[in-house]
Each structure stands twice: as C-alpha cells, then as structure tokens.
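Data first, discussion second: the structure below is written as structure tokens.
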Amino acid sequence: MWEEETIKAAVREHYAKLTQGKSCCEPAGCGYGSSADVHLMQIGYSASELGDLPQEAVSMAAGCGNPTALSELRPGEVVLDLGSGGGLDALLAAQRVGPQGRVIGVDMTPEMIERAQESARKANAANVEFRFGEIEDLPLEDASVDVIISNCVINLSPDKEAVFREAFRVLKPGGRMIVSDIVTQDELPKFVRESLAAWAGCVGGALEQEEYLQKIRTAGFVDVEVLQKSAPMGVFPIVSITVRAVKPSITGARMA
Ligand SMILES: C[S@@+](CC[C@H](N)C(=O)[O-])C[C@H]1O[C@@H](n2cnc3c(N)ncnc32)[C@H](O)[C@@H]1O
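Residue numbers (the numbering used here): -5 to 250.
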C-alpha cells in the first residue's frame, strides 16, 4: 500500500521529533507519552539499571521490553543493537560485556545517533559506538557479532525478511538474537493498517506472532522461543514479546 521509502521517511520523522521532546507514541505500541522511568520499570528494567545511566538515555527510551536483561551477556562479547535509538540498551549491554567487549548500535535516524553518542560520552562508555544505517542492510561484516539485541524496532521495518536475513549474516555461528517487539493477536482495523502514524507508533506494521516467528526461522535461525509476553496493550490487539533465536554453529556445512 505504501512504498517502503515512504514508510521509512515517516518513521524517521517520528523518531527525529522524539529527540526534540515531542511525544513519540500515539497510538503507541512502543514507548510512552510521559514518565519514562515508570514506563521502563513496567516493561522490565530495574531501578538500579536506570539509576546508573545518563538521564538523556533514559528519557529517550522507546522500547517495549528489556532484551539486554534476557541476553545473558558475558564479558568480552560483541553485541549489536538493531535500532539503538537514544542508546539505553547499548549502554546497558556495554556495562555487561565490560572493557574487553564491544557494543555497536545501528539506527537510521541521525538525530537519534547524535543523542546516543552524547549519552555514551556522558556515561564514559568507551566500548560503545553508534553507526548510521538501516537494519535491512547492516553496515557490518559477515559473522562479526556474538549477540544481537533489538527493542521495539523490527515492527517498524517494511521488509522484515531482510532484517532477519541481515541479522543472521552478521552473527557468528552459534551466536544468539534476543529481540523485544510488538506483534498482533488479532486482525488490526484497516484504518490502522493504512495509517503511517500508526506504523511509526509501532502498531500498523506489526505482524501476527506466528508469522513473526516463522520469518525468523526462514532466515535460518533455530531454537526460536518466546521468553516473555506482555498482557494486551491499549485499544488494539497487540502484545509485546521477547524472542530468543540462535544461529546454528555449523551453517550449510556438508559432511564429507
Ligand atoms: C521505537 S524506537 C526504539 C529505540 C530503542 N531500541 C529503544 O528501545 O529505546 C525505534 C528506533 O528504531 C529506529 N529504526 C526504525 N526503523 C529502522 C530501520 N529500518 N533501520 C534502522 N533504524 C530504524 C528509529 O530511528 C528509532 O530510533
């Protein structure tokens, strides 16, 4: 119905406005209109996690789960955050992987990249970098990261197959992906599906849960499991799920 570039322009504009302090999320799935800390604790962040971070990163957050907390990150790992926004999850991941590890956030909204870089400077996080780019065409080498996280972003993509294909490409064999995202539990009204504002608010582009999981499997991931699922959110039949999936240790290898 909409050209992919039209959707992306609407999404980019929406999140650029969020950096200017305008409410991001009507008719929202992702994020909130006010009281960032309360919203973040409702979706799984702890007060101690949030207390350690620059207020700018906390106030810019627009997620729907806490994928970092469920990623079992280990010191020294390389982490990629798809759609890193204001940088909250990347900064939390950076604390967990420590100075021997590294975190790369990718986002297509320049204003968000600037905010995230500023927060990283304030947090003295030397092991985090933010790259401008699209998650359908990641600016990373093949098999270069141990863990992918993402928080309320993939629903915004008009080409979710490409996102999961790219995630699979850049993960090392045996690597894992933990994503929180919005999925639907029933048909959305036609006017919602046709609304660019609803798409940018994390509702209009959401897939039905099983279709979402199937796209992850089609990209080559195995052991796809739903770790968490929220109660229905708001007036539309949507929920937030956190999914874990693994890239097999040996892909496409033939036995001699
Ligand atoms: C709902 S916000 C979530 C931000 C962050 N993950 C968080 O939890 O606060 C969505 C972010 O994804 C970015 N984004 C959306 N579609 C994208 C795409 N196709 N490629 C790269 N970034 C994208 C937006 O610019 C925005 O910063």
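Every residue, glycine too, gets a C-beta built ideally from N, C-alpha and C.
*Under a Cβ-count criterion, where at least 16 other Cβ atoms within 10 Å of its own Cβ denotes burial, should Ile142 be classed as buried or exposed?*
If you number the sequence shown from 1, residue 142 lands on position 148. Buried, since its Cβ has 16 or more Cβ neighbours within 10 Å.
*Sequence-distant residues of the same chain with beta carbon closer than 7 Å to Glu71, five excluded per side*: Translated into positions along the sequence shown, residue 71 becomes position 77. Same-chain partners within the cutoff: Val91, Gly95, Asp140, Val141.
*Inter-residue Cα distance where the pair is Ala84 and Leu182*: For this step, residue 84 is matched to residue 90 along the sequence shown. For this step, residue 182 is matched to residue 188 along the sequence shown. Spanning the two alpha carbons is a distance of roughly 32 Å.
*Leu64 versus Asp101 - alpha carbon distance*: Here residue 64 refers to the residue found at position 70 when the sequence shown is read from its first residue. Here residue 101 refers to the residue found at position 107 when the sequence shown is read from its first residue. Their Cα atoms are separated by approximately 22 Å.
*Is it true that the CB of Asp75 sits closer than 8 Å to the CB of Ala87?*
Counted from its first residue, the sequence shown places residue 87 at position 93. Counted from its first residue, the sequence shown places residue 75 at position 81. In contact: Ala87 and Asp75 (Cβ atoms closer than 8 Å).
*Output the distance between the C-alpha atoms of Glu188 and Ala120, rounded to the nearest integer angstrom.*
Within the sequence shown, residue 188 is the residue found at index 194, counting from 1. Within the sequence shown, residue 120 is the residue found at index 126, counting from 1. Their backbone Cα atoms lie some 42 Å apart in a straight line.
*Take every Cβ of the segment 160 to 167, pair it with every Cβ of the segment 128 to 137, and state whether three or more of those distances are shorter than 8 Å.*
yes
*Roughly how far, in whole angstroms, is the beta-carbon of Ala110 from the beta-carbon of Gly81, given that I think they are within contact range, below 8 Å?*
The residue labelled residue 110 in the question sits at position 116 within the sequence shown. The residue labelled residue 81 in the question sits at position 87 within the sequence shown. The pair is a contact, with the Cβ atoms about 3 Å apart (cut-off 8 Å).
*Taking the beta strand (DSSP E) that Gln222 falls in, what are its first and last residues?*
Translated into positions along the sequence shown, residue 222 becomes position 228. Its beta strand (DSSP E) spans residues 216 to 223.
*Please go through the same chain and pick out, in chain order, the residues whose beta-carbon is closer than 6 Å to the beta-carbon of Gly214, but skip the five residues on each side of it.*
As a working mapping, residue 214 is identified with position 220 in the sequence shown. Around Gly214: Phe162.
*Give the DSSP-derived three-state secondary structure of Asn60 in the structure shown.*
The count along the sequence shown starts at 1 and reaches residue 60 at position 66. Reduced to three states, the DSSP call for Asn60 is coil.
*Could you pull out every residue in the same chain whose Cβ sits closer than 6 Å to the Cβ of Gln222, ignoring the five residues on either side in sequence?*
Sequence index remark: in the sequence shown, residue 222 carries index 228 (1-based). Only Thr236 meet the Cβ criterion.
_Just to confirm the assignment: which complete alpha helix (DSSP H) runs, minimum length 4, are found wholly within the segment 69 to 128?_
82 to 91, 104 to 116
*Is it the case that the CB of Asn118 approaches a heavy atom of ligand 1 more closely than 7 Å?*
Locating residue 118 in the sequence shown gives position 124, where the first residue counts as 1. Flag unset: Cβ of Asn118 not near ligand 1.
*asked:* Looking at Lys154: is its Cβ nearer than 8 Å to the Cβ of Glu50?
replied: Taking the sequence shown and counting its residues from 1, the one referred to as residue 154 is at position 160. Taking the sequence shown and counting its residues from 1, the one referred to as residue 50 is at position 56. Not in contact: Lys154 and Glu50 (Cβ atoms no closer than 8 Å).
*May I ask you to check if the CB of Ala63 is nearer than 7 Å to at least one heavy atom of ligand 1?*
Start at 1 with the first residue of the sequence shown, and residue 63 comes out as number 69. Result no, Cβ not under 7 Å from ligand 1.
_For a test of your reading of the model: does the CB of Gly198 fall under 7 Å from any non-hydrogen atom of ligand 1? Yes or no._
Residue 198 sits at position 204 when you count from the first residue of the sequence shown. Outside the cutoff, so no.
*Over what stretch of residues does the alpha helix (DSSP H) that includes Ala156 continue unbroken?*
Here the question's residue 156 lines up with position 162 in the sequence shown. 154 to 164 is the extent of the alpha helix (DSSP H) around Ala156.
*Does at least one heavy atom of ligand 1 sit under 7 Å from the Cβ of Asn145?*
The residue given as residue 145 occupies position 151 in the sequence shown. Result yes, Cβ under 7 Å from ligand 1.
*When DSSP builds the beta bridges, which residues end up paired with Asn253?*
The first residue shown for the chain is -5 and the last is 250, placing residue 253 beyond what the model contains.
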